[in-house]
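Going line by line, the protein sequences match chains X and P.
Just so we're aligned, residue 17 is where the first sequence starts under the working numbering, counting upward by one.
Just so we're aligned, residue 17 is where the second sequence starts under the working numbering, counting upward by one.
Positions of the beta carbon are idealized from the N, C-alpha and C atoms, including for glycine.
See structure below.
There are 2 protein chains.
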Amino acid sequence: MAVASVTLSDVARLAGVSKSTVSRVLSQSRPVTPAIEATVRRAAAELGYSGNSIARALRRQRTDTVGMVVPSILNPFFTALVDSIERALHEEGRVLFLCDSRQDPEIEAGYLRLLIDRKVDGIVVSPVDGELSRAAIAETASQTPLVQLDRRVNVENTDWVGVDDDDAMSQVVAHLVANGVRTAAFVTSDFTNSSTRDRLDGFRRHAKRLGVATREDWFVLGDYSVESGHAAGVRLLSGEDIPDAIVCADDLIAFGVLQAARELGVAVPDRLKVTGFDNLVFAEHVIPPLTSIEQPTPQMAEEALRLLRVRMQRKDRLPGARVALVPRLIVRDSTRSRG
Amino acid sequence: MAVASVTLSDVARLAGVSKSTVSRVLSQSRPVTPAIEATVRRAAAELGYSGNSIARALRRQRTDTVGMVVPSILNPFFTALVDSIERALHEEGRVLFLCDSRQDPEIEAGYLRLLIDRKVDGIVVSPVDGELSRAAIAETASQTPLVQLDRRVNVENTDWVGVDDDDAMSQVVAHLVANGVRTAAFVTSDFTNSSTRDRLDGFRRHAKRLGVATREDWFVLGDYSVESGHAAGVRLLSGEDIPDAIVCADDLIAFGVLQAARELGVAVPDRLKVTGFDNLVFAEHVIPPLTSIEQPTPQMAEEALRLLRVRMQRKDRLPGARVALVPRLIVRDSTRSRG
DNA sequence: AGTCCAAGGGCAATCGATTGCCGAGCAAGA
DNA sequence: TCTTGCTCGGCAATCGATTGCCCTTGGACT
Numbered sequence: 017m018a019v020a021s022v023t024l025s026d027v028a029r030l031a032g033v034s035k036s037t038v039s040r041v042l043s044q045s046r047p048v049t050p051a052i053e054a055t056v057r058r059a060a061a062e063l064g065y066s067g068n069s070i071a072r073a074l075r076r077q078r079t080d081t082v083g084m085v086v087p088s089i090l091n092p093f094f095t096a097l098v099d100s101i102e103r104a105l106h107e108e109g110r111v112l113f114l115c116d117s118r119q120d121p122e123i124e125a126g127y128l129r130l131l132i133d134r135k136v137d138g139i140v141v142s143p144v145d146g147e148l149s150r151a152a153i154a155e156t157a158s159q160t161p162l163v164q165l166d167r168r169v170n171v172e173n174t175d176w177v178g179v180d181d182d183d184a185m186s187q188v189v190a191h192l193v194a195n196g197v198r199t200a201a202f203v204t205s206d207f208t209n210s211s212t213r214d215r216l217d218g219f220r221r222h223a224k225r226l227g228v229a230t231r232e233d234w235f236v237l238g239d240y241s242v243e244s245g246h247a248a249g250v251r252l253l254s255g256e257d258i259p260d261a262i263v264c265a266d267d268l269i270a271f272g273v274l275q276a277a278r279e280l281g282v283a284v285p286d287r288l289k290v291t292g293f294d295n296l297v298f299a300e301h302v303i304p305p306l307t308s309i310e311q312p313t314p315q316m317a318e319e320a321l322r323l324l325r326v327r328m329q330r331k332d333r334l335p336g337a338r339v340a341l342v343p344r345l346i347v348r349d350s351t352r353s354r355g
Numbered sequence: 017m018a019v020a021s022v023t024l025s026d027v028a029r030l031a032g033v034s035k036s037t038v039s040r041v042l043s044q045s046r047p048v049t050p051a052i053e054a055t056v057r058r059a060a061a062e063l064g065y066s067g068n069s070i071a072r073a074l075r076r077q078r079t080d081t082v083g084m085v086v087p088s089i090l091n092p093f094f095t096a097l098v099d100s101i102e103r104a105l106h107e108e109g110r111v112l113f114l115c116d117s118r119q120d121p122e123i124e125a126g127y128l129r130l131l132i133d134r135k136v137d138g139i140v141v142s143p144v145d146g147e148l149s150r151a152a153i154a155e156t157a158s159q160t161p162l163v164q165l166d167r168r169v170n171v172e173n174t175d176w177v178g179v180d181d182d183d184a185m186s187q188v189v190a191h192l193v194a195n196g197v198r199t200a201a202f203v204t205s206d207f208t209n210s211s212t213r214d215r216l217d218g219f220r221r222h223a224k225r226l227g228v229a230t231r232e233d234w235f236v237l238g239d240y241s242v243e244s245g246h247a248a249g250v251r252l253l254s255g256e257d258i259p260d261a262i263v264c265a266d267d268l269i270a271f272g273v274l275q276a277a278r279e280l281g282v283a284v285p286d287r288l289k290v291t292g293f294d295n296l297v298f299a300e301h302v303i304p305p306l307t308s309i310e311q312p313t314p315q316m317a318e319e320a321l322r323l324l325r326v327r328m329q330r331k332d333r334l335p336g337a338r339v340a341l342v343p344r345l346i347v348r349d350s351t352r353s354r355g
């Protein structure tokens, strides 16, 4: 605390050389006579010199810092994404600024501006809203390397990494059909973001393609939460005429649906099959264990950071890349037809 | 990207004044003639000037950044803690460096050093290990404001914020006794950290005090995970002689115990009562809903940041504060005696 | 021995904002 | 009118590390 930190000059003085030399030894940016190098290293060690990354950042024009903006860290899916990004950054010796936009495009825009001011080397963002987030994302992307993760808004020349939601829905519906499902409902959020929309469209398309019947009032909108899923489940399962399956746009919703089914005495999977999305850790611990789509977050993180690195090196305007990883269906008891 | 960012000098040139004046207008550090102020503001707006926080940090010797090191962001309890800290920081206009030590004291030490080099204004850390983390925490605390959150190691003159684990255990045991429990087991982790130890000691003490019988082989060590809780549950519930209650050191363990009970046909709460700790969001969604101890994470975050602020202002060596908030028992079906 | 060249140490500028100090200008009081 | 003092703009130093350029030194080759 009181310990004024040691600077390069201190080391230089103790070693009896110039600051330049010390800098060169420590950053290995140019060869230095072995004897001098040893002296410098000894001096640095003795003083416990560790460098001032602020000064270095100012001079080098890079901070070795990446900013990440997510809609809600409390949603376990984004937690997994944050974890994957943090791990990957740690290996590169970089650090993460974590920002939670709380589902609010304005907070999101504020954070993006703040990250620019902080001169982060790059930004990873999962935009809150397909429309309301666009302007800020576009503006930010024009000033610093940026990659969208999971959700995206349409902005020219911007990279995106996520999973192929259409393919995921194809797997889900095909699996349900193979297990005897003829009618299905779909529960999602009313957020107007890309993955929400893609999953909905995908479900519609593949249900139709594979002959699974739906009804307009079997499409229920809420938000990504257990409570919302529970409400939807109650609504869908209260009448006489209930679907063979309820497909959910994420696991939290599915958990709520399972809860509703249990309360209402609807047997899962015998009478009703339920699927989720994200394959949260909890998916295997609910009752019955939930069939879900696994998102390969480590690979998504790797890919996102790779794209950032490319943009950090080549400052010229690059065309946008869209990397859609193919997700995997994890089958568990919530959809297995017994016997 | 290509857009070289505007500097203070650019604004000064456009406004026809000196850099000092621009700086004073924008930071309101000294009054400036209204007419000039207006000119400067117009110039800044026109250029879209937004400042370089790296340069400012170098000069001001503060970064408006706080570092946080947690054992695992994937554990929902720490996620909640991170969320609370992030919210509180956002209100202050600060940003969070998030670091995950992965339960590894060495990674933890590395991150602490890194945060020092990054010149963060303060550090919030939940140490991995009661012994192995101590040296790094002590060293770090001597160089920058630091507060321990949830877990702690014993280091002189260092602040800590957490809940009163002993009080929590007192509430748990008293509640169980009131619901007819005469014998109880305790499942925890083998991590040698403070909260693990305090909860164990607290359980022992209050069980004895309130006449709840225990046995040495009813103390099961594993780690903080559903799997570990499941294994412990299977072990405790397989024989003939099972306890009236299983007290768990966190909710994840309790979830696993509940799962085991269900598989083995042990009725909860009628035959067995189960309690958790942390009151995770999921606690109310498992079956049966789990009785747990609520940790007031928003208040913990507030308190931690308050302590940091104090140390940031008064550079002199302060005595360490220990703030133990009193937790609340949330009673749900997993312990309610029917009828 | 003389010439050339490479290696490597040091000087000083630089990154961009903040701030102590100087002094010009103006108002108020005697 | 002269003095005193206050307000506020600007100069230049500063935070700490990096790096372009110069210059010394010494080895190699003729």
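* Beta-carbon spacing of X:P314, X:D349 below 8 Å -> Position 298 of the first sequence, counted from the first residue, corresponds to residue 314 of chain X. Position 333 of the first sequence, counted from the first residue, corresponds to residue 349 of chain X. Result no, Cβ atoms of X:P314 and X:D349 do not sit closer than 8 Å.
* Asked: Can you round the beta-carbon distance between X:L30 and X:L74 to whole angstroms, since I take them to be within the 8 Å contact cut?
  -> What you label residue 30 of chain X is simply residue 14 of the first sequence in a count that begins at 1. What you label residue 74 of chain X is simply residue 58 of the first sequence in a count that begins at 1. The C-beta distance from X:L30 to X:L74 rounds to 24 Å, too long to meet the 8 Å contact threshold.
* To do: Determine whether the Cβ of P:A248 lies closer than 8 Å to any Cβ atom of chain X.
  => Counting from 1 along the second sequence, the entry for residue 248 of chain P is found at position 232. No - not a single Cβ of chain X is within 8 Å of the one on P:A248.
* Asked: Is X:S66 close to chain P, meaning its C-beta is less than 8 Å from at least one C-beta of that chain?
  -> Locating residue 66 of chain X in the first sequence gives position 50, counting from the first residue. Closer than 8 Å to some Cβ of chain P, the Cβ of X:S66 qualifies, so yes.
* To do: Identify whether P:I303 lies in helix, strand or coil by the three-state DSSP scheme.
  => Working through the second sequence from its first residue, we reach residue 303 of chain P at position 287. Secondary structure at P:I303: coil, using DSSP grouped into helix, strand and coil.
* Asked: Nearest chain X C-beta to P:S142 closer than 8 Å, yes or no?
  -> Indexing the second sequence from 1 puts residue 142 of chain P at position 126. Taking Cβ atoms only, chain X never reaches closer than 8 Å to P:S142, which makes this a no.
* Asked: How about X:V111: is its C-beta nearer than 8 Å to some C-beta of chain P?
  -> Here residue 111 of chain X refers to the residue found at position 95 when the first sequence is read from its first residue. Yes, X:V111 lies at the interface with chain P (some Cβ there is under 8 Å from its Cβ).
* Asked: Comparing the C-beta of P:L24 with each C-beta of chain X, is any distance below 8 Å?
  -> Indexing the second sequence from 1 puts residue 24 of chain P at position 8. Chain X places no beta carbon closer than 8 Å to that of P:L24, leaving this residue out of the contacts.
* Return the CA-CA distance between X:V203 and P:G255, expressed in angstroms with no decimal places. => Taking the first residue of the first sequence as 1, we reach residue 203 of chain X at position 187. Taking the first residue of the second sequence as 1, we reach residue 255 of chain P at position 239. Approximately 43 Å between the Cα atoms of the pair.
* Where do the N-terminal and C-terminal ends of the beta strand (DSSP E) with X:D180 fall, by residue? -> The residue you call residue 180 of chain X lines up with position 164 of the first sequence. Per DSSP, X:D180 belongs to no beta strand (DSSP E) and is neither H nor E.
* Count the other CB atoms within 10 Å of the CB of X:Q275; is the residue buried (16 or more) or exposed (fewer)? -> Translated into the one-based positions of the first sequence, residue 275 of chain X becomes position 259. Flag for X:Q275 reads buried.
* Asked: Do you know offhand how far X:D80's Cα is from X:L162's?
  -> By one-based count along the first sequence, residue 80 of chain X stands at place 64. By one-based count along the first sequence, residue 162 of chain X stands at place 146. Distance between the alpha carbons of X:D80 and X:L162: 15 Å.
* **Host alpha helix (DSSP H) of P:S205 (start-end)** => Here residue 205 of chain P refers to the residue found at position 189 of the second sequence. First-last for P:S205: 200-205, but that is the beta strand (DSSP E), not the alpha helix (DSSP H).
* **Same chain only: Cβ atoms within 8 Å of P:Q44, ignoring 5 sequence neighbours per side** => Here the question's residue 44 of chain P lines up with position 28 in the second sequence. So the list is empty, once near-sequence residues are dropped.
* Asked: By Cβ distance below 7 Å, which residues in the same chain neighbour X:A18 in space, the five residues on each side in sequence not counted?
  -> Here residue 18 of chain X refers to the residue found at position 2 when the first sequence is read from its first residue. Confidence in X:A18 is poor, its pLDDT being 41 and thus under 50, which makes the residue's placement too unreliable to answer from.
* To do: Whole angstroms is fine: what's the gap from P:N209's alpha carbon to P:S149's?
  => One-based indexing of the second sequence puts residue 209 of chain P at position 193. One-based indexing of the second sequence puts residue 149 of chain P at position 133. Their backbone Cα atoms lie some 9 Å apart in a straight line.
* Indicate the three-state DSSP secondary structure (helix, strand or coil) for X:D286 in the structure shown. => The residue you call residue 286 of chain X lines up with position 270 of the first sequence. Judged by DSSP in its simplified three-state form, X:D286 adopts coil rather than helix or strand.
* **Touch test, the stretch 22-40 of chain P against the stretch 209-229 of chain X, Cβ-Cβ under 8 Å, three pairs minimum** => no
* **Limits of the alpha helix (DSSP H) - the one that X:I123 falls within** => On the first sequence, residue 123 of chain X is found 107 positions in, with the first residue counted as 1. X:I123 -> alpha helix (DSSP H) spans 121-133.
* chain X contacts from the stretch 88-106 of chain P (Cβ-Cβ distance under 9 Å) -> S88, I89, L90, P92, T95, A96, V98, D99, E102, R103, H106
* To do: For my contact list, P:R57 and P:V41 are in at a C-beta cut-off of 8 Å; report their separation, rounded to the angstrom.
  => Position 41 of the second sequence holds residue 57 of chain P. Position 25 of the second sequence holds residue 41 of chain P. 7 Å between Cβ atoms; contact.
* N-terminal and C-terminal residue of the alpha helix (DSSP H) that X:V41 is part of -> By 1-based counting over the first sequence, the position of residue 41 of chain X is 25. Per DSSP, the unbroken alpha helix (DSSP H) holding X:V41 starts and ends at 35-43.
* How about P:R129: is its C-beta nearer than 8 Å to some C-beta of chain X? -> The count along the second sequence starts at 1 and reaches residue 129 of chain P at position 113. Yes - at least one Cβ of chain X is within 8 Å of the one on P:R129.
* Please check if any C-beta of chain P sits within less than 8 Å of the C-beta of X:L345. => In the first sequence, the residue the question calls residue 345 of chain X occupies position 329. Interface flag for X:L345 against chain P is unset, since no Cβ pair is found closer than 8 Å.
* **Cβ of P:A71 within 8 Å of any chain X Cβ** => What you label residue 71 of chain P is simply residue 55 of the second sequence in a count that begins at 1. For P:A71, at least one C-beta of chain X is nearer than 8 Å to its own C-beta.
* Interface residues of chain P facing X:D180 [CB-CB closer than 9 Å] -> Reading the first sequence from its first residue, position 164 is the one you call residue 180 of chain X. Correct list: empty, because the minimum Cβ distance to chain P is about 25 Å.
* To do: Using a cut-off of 8 Å between C-beta atoms, extract the partners of X:Q275 located in chain P.
  => Here residue 275 of chain X corresponds to residue number 259 of the first sequence, with the count starting at 1. Per Cβ cutoff of 8 Å: H301.
* Asked: Of all the options X:C115, X:V297, X:A320, X:S353, which has the alpha carbon lying nearest to the alpha carbon of X:P92?
  -> What you label residue 92 of chain X is simply residue 76 of the first sequence in a count that begins at 1. Each of X:C115, X:V297, X:A320, X:S353 was checked against the Cα of X:P92, and the nearest Cα belongs to X:V297.
* Asked: Could one say the Cβ of P:K35 lies closer than 8 Å to chain X's Cβ atoms, at least one of them?
  -> Position 19 of the second sequence, counting from 1, holds the residue named residue 35 of chain P. Answer no: the Cβ-Cβ gap between P:K35 and chain X never drops below 8 Å.
* Run through DSSP, which three-state label would X:S308 get? -> Position 292 of the first sequence, counting from 1, holds the residue named residue 308 of chain X. Three-state result, X:S308: strand.
* **Straight-line Cα distance separating P:A59 from P:I52** => Looking up residue 52 of chain P in the second sequence gives position 36. Looking up residue 59 of chain P in the second sequence gives position 43. P:I52 and P:A59: Cα-Cα distance of roughly 11 Å.
* To do: May I ask which residues mark the beginning and end of the beta strand (DSSP E) holding P:I52?
  => Against the second sequence, residue 52 of chain P aligns to sequence position 36. Unbroken run through P:I52 is the alpha helix (DSSP H), 50-63; no beta strand (DSSP E).
* Asked: Quick one, are the C-beta atoms of X:R215 and X:D181 less than 8 Å apart?
  -> Taking the first sequence and counting its residues from 1, one reaches residue 215 of chain X at position 199. Taking the first sequence and counting its residues from 1, one reaches residue 181 of chain X at position 165. Cβ atoms of X:R215 and X:D181: closer than 8 Å.
* Asked: Can you tell me whether P:G218 is buried or exposed, with buried defined as 16 or more other CB within 10 angstroms of its CB?
  -> Position 202 of the second sequence holds residue 218 of chain P. The residue is buried, with at least 16 neighbouring Cβ atoms inside 10 Å.
* Can you round the beta-carbon distance between X:S205 and X:A265 to whole angstroms, since I take them to be within the 8 Å contact cut? -> Here residue 205 of chain X is taken as the residue at index 189 of the first sequence, counted from 1. Here residue 265 of chain X is taken as the residue at index 249 of the first sequence, counted from 1. So it is a contact: roughly 6 Å between Cβ atoms.
* **CA-to-CA distance, X:E155 to P:Q159, given in whole angstroms** => In the second sequence, counting from the first residue as 1, residue 159 of chain P sits at position 143. In the first sequence, counting from the first residue as 1, residue 155 of chain X sits at position 139. Taking the straight line joining both Cα atoms gives about 39 Å.
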